[in-house]
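Written below as structure tokens is the structure these notes are about.
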DNA sequence: CCAATACACTTGCATAATGCAAGTGTCTAT
DNA sequence: ATAGACACTTGCATTATGCAAGTGTATTGG
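Chains as they are written, first to last, in the numbering used here: chain A, 1 to 137; chain B, 1 to 137.
Written out as structure tokens, the structure reads:
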């Protein structure tokens, strides 16, 4: 019984990648997480000001796609800190290519934060960046 | 008089790149053009089968963004052959990053055509690929 | 000459995604 | 007790997506 993978459009790696991150917001969330942001509020306050309902939706989708993970950093009002999985960090290369293209071909644009320049495969030391409340209670 | 560039979201190169190619179809069109396709019909017949109205829209947008150019290859019913500008060809690096990520992280996906592996900056010899009717009349 | 077919698009309309604004629930500060 | 702040949800208006069908200009066959 050969279980067929029902690719929505084709088996092309580009098409399937775009089915996951092919929109105007997903990669910006990944960018912010690569830059060390972790909470909903930090993500909302990025310069592009993503609408809150879209952020909630993208966090769900990206988690479903295995690109980010969430760990509660506080109880009662349970609040989650979002972090990139290895699959998500690997998107750094895509972001890097986009930054380079944008800076070369869209006048006036710039790199807001150079954290991306780690040439990929920088296995994120998840243990060193412990989840921590924004303000120690 | 300092003419302000009214970036729609921010000055971030990633955000502005996504404002141009941040959707599910634009980069697939660029992929096909990189693979040598030139006419509307060739683009429609790609495995993803882009809806015709969306293809027409994307060709307009990509041309407005300076990513593709169009030259008529036949008169009376004027028909255009679409080709990448240097700005458009430079997106090959982005596509390459997407292919690599997809193949590594989305099981079952593959590279449909390796033409992308030219490590960028392969200045397209526009003079050598003359516009030509699909069938010589 | 007339009908049939093909290519390159357009147009109409239904469905889905996007985005603004306002609301909800839980804790913190005064 | 009242006023925020944070992390989301919910409601709707606008925009994008996608299927199907139509248009205009050839070419081909009888």
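Every residue gets a Cβ at the ideal spot worked out from N, C-alpha and C, and that includes glycine.
Q. Which one or two residues does DSSP pair with residue 13 of chain A in a beta bridge?
A. Counted from its first residue, the first chain places residue 13 of chain A at position 13. Answer by DSSP bridge pairing: none, since residue 13 of chain A is not bridged.
Q.
Can you confirm whether residue 13 of chain A, when its beta carbon is compared against all beta carbons of chain B, has any partner nearer than 7 Å?
A. In the first chain, counting from the first residue as 1, residue 13 of chain A sits at position 13. Yes, contact with chain B.
Q.
With a threshold of 8 Å on Cβ separation, who are the neighbours of residue 28 of chain B within its own chain once the five nearest residues in sequence on each side are excluded?
A. Stepping through the second chain from its first residue, residue 28 of chain B is reached at position 28. Within the same chain, residue 28 of chain B has close Cβ partners 46, 48, 50.
Q | Backbone CA spacing between residue 22 of chain A and residue 15 of chain A [nearest angstrom] | A | The residue given as residue 22 of chain A occupies position 22 in the first chain. The residue given as residue 15 of chain A occupies position 15 in the first chain. In a straight line, the C-alpha of residue 22 of chain A is about 9 Å away from that of residue 15 of chain A.
Q. What span of residues does the beta strand (DSSP E) with residue 79 of chain A cover, start to end?
A. One-based indexing of the first chain puts residue 79 of chain A at position 79. Here the beta strand (DSSP E) through residue 79 of chain A covers 79 to 84.
Q. Just to check, is the beta-carbon of residue 61 of chain A closer than 6 Å to a non-hydrogen atom of the ligand ADP?
A. The model on display carries no ligand, and the ligand ADP is accordingly not part of it.
Q.
With distance defined between alpha-carbon atoms, name the residue in B:96, B:90, B:40, B:55 nearest to residue 144 of chain B.
A. This structure leaves residue 144 of chain B out entirely; chain B is present only between 1 and 137.
Q.
Contact criterion: CB-CB distance below 7 Å. Does residue 47 of chain B meet it with respect to chain A?
A. By 1-based counting over the second chain, the position of residue 47 of chain B is 47. Answer yes: the Cβ-Cβ gap between residue 47 of chain B and chain A drops below 7 Å somewhere.
Q. At least one CB of chain B closer than 7 Å to the CB of residue 16 of chain A: is that the case?
A. Stepping through the first chain from its first residue, residue 16 of chain A is reached at position 16. Yes, because at least one Cβ of chain B sits closer than 7 Å to the Cβ of residue 16 of chain A.
**Q.** Extent of the continuous alpha helix (DSSP H) to which residue 26 of chain A belongs
**A.** The residue given as residue 26 of chain A occupies position 26 in the first chain. That run of the alpha helix (DSSP H) goes 26 to 34.
Q. So, using beta-carbon positions, are residue 56 of chain B and residue 103 of chain A closer together than 7 Å?
A. The residue you call residue 56 of chain B lines up with position 56 of the second chain. The residue you call residue 103 of chain A lines up with position 103 of the first chain. Their beta carbons are not under 7 Å apart, which means residue 56 of chain B does not touch residue 103 of chain A by this criterion.
Q: Mind listing the chain A neighbours of residue 31 of chain B? Cutoff is C-beta to C-beta under 7 Å, in chain order.
A: To locate residue 31 of chain B, count along the second chain from 1; it is residue 31. Within 7 Å Cβ-Cβ: 14.
Q: In angstroms with no decimal places, state the Cα-to-Cα distance between residue 69 of chain A and residue 35 of chain B.
A: By one-based count along the first chain, residue 69 of chain A stands at place 69. By one-based count along the second chain, residue 35 of chain B stands at place 35. Taking the straight line from one Cα to the other gives about 36 Å.
(Q) Pull the bridge partners of residue 70 of chain B from the DSSP assignment, please. (A) Walking along the second chain from the start, residue 70 of chain B turns up at place 70. Bridge partners of residue 70 of chain B: B:82.
Q. Are there 16 or more other CB atoms within 10 angstroms of the CB of residue 8 of chain B, so buried, or fewer, so exposed?
A. Sequence index remark: in the second chain, residue 8 of chain B carries index 8 (1-based). That one is exposed.
(Q) According to DSSP, is residue 98 of chain A part of a helix, a strand, or is it coil? (A) As a position in the first chain, residue 98 of chain A is number 98, starting the count at 1. Helix at residue 98 of chain A.
Q: Return no unless some Cβ of chain A is closer than 7 Å to the Cβ of residue 9 of chain B.
A: For the purposes of this step, residue 9 of chain B is identified with residue 9 of the second chain, where counting begins at 1. Chain A contact via Cβ: present.
Q. When DSSP labels each residue in this structure, what does residue 110 of chain A get in the three-state scheme?
A. Here residue 110 of chain A is taken as the residue at index 110 of the first chain, counted from 1. Looking at residue 110 of chain A - three-state DSSP - the assignment turns out to be strand.
Q: Determine the chain B residues that contact residue 57 of chain A at a beta-carbon separation under 8 Å, and present them in chain order.
A: Counted from its first residue, the first chain places residue 57 of chain A at position 57. In chain order: nothing, as chain B lies at least about 16 Å away.
Q.
Within a Cβ cutoff of 7 Å, which residues of the same chain sit near residue 38 of chain B, ignoring the five residues on either side of it in sequence?
A. As a position in the second chain, residue 38 of chain B is number 38, starting the count at 1. The residues are 81, 82, 83.
Q | Continuous alpha helix (DSSP H) stretch holding residue 63 of chain A: start and end | A | Taking the first residue of the first chain as 1, we reach residue 63 of chain A at position 63. Element bounds for residue 63 of chain A: 52 to 64.
Q) Are the C-beta of residue 68 of chain A and some C-beta of chain B separated by less than 7 Å? A) On the first chain, residue 68 of chain A is found 68 positions in, with the first residue counted as 1. So, not an interface residue.
Q: Look at residue 92 of chain A and residue 67 of chain A and say whether their C-beta atoms are less than 7 Å apart.
A: Counting from 1 along the first chain, the entry for residue 92 of chain A is found at position 92. Counting from 1 along the first chain, the entry for residue 67 of chain A is found at position 67. In this structure, residue 67 of chain A does not lie closer than 7 Å to residue 92 of chain A by Cβ.
(Q) Output needed for residue 52 of chain B: all residues of its chain with C-beta closer than 7 Å, excluding positions within five of it in sequence on either side, in chain order. (A) Residue 52 of chain B sits at position 52 when you count from the first residue of the second chain. Excluding residues within five positions, the ones whose Cβ falls inside 7 Å are 44.
Q) If we call anything under 7 Å between Cβ atoms a contact, is residue 10 of chain A one with residue 98 of chain B? A) As a first step, residue 10 of chain A is located in the first chain; it is residue number 10 there, counting from the start. As a first step, residue 98 of chain B is located in the second chain; it is residue number 98 there, counting from the start. No, they are not a contact pair.
Q: Using a Cβ-Cβ cut-off of less than 8 Å, list which residues of the stretch 87 to 99 of chain B approach chain A; keep chain order.
A: 87, 90, 91, 93, 94, 95, 96, 97, 98, 99
Q: Could you tell me the distance, in whole angstroms, from the CA atom of residue 77 of chain A to the CA atom of residue 71 of chain A?
A: As a first step, residue 77 of chain A must be located in the first chain, where it is residue number 77. As a first step, residue 71 of chain A must be located in the first chain, where it is residue number 71. Each residue's alpha carbon lies about 13 Å from the other.
Q.
Let me make sure I understand the geometry here. Which of A:96, A:109, A:100 has the alpha-carbon closest to that of residue 31 of chain A?
A. Within the first chain, numbered from 1, the residue matching residue 31 of chain A stands at position 31. Of the candidates A:96, A:109, A:100, the one whose C-alpha sits nearest the C-alpha of residue 31 of chain A is A:96.
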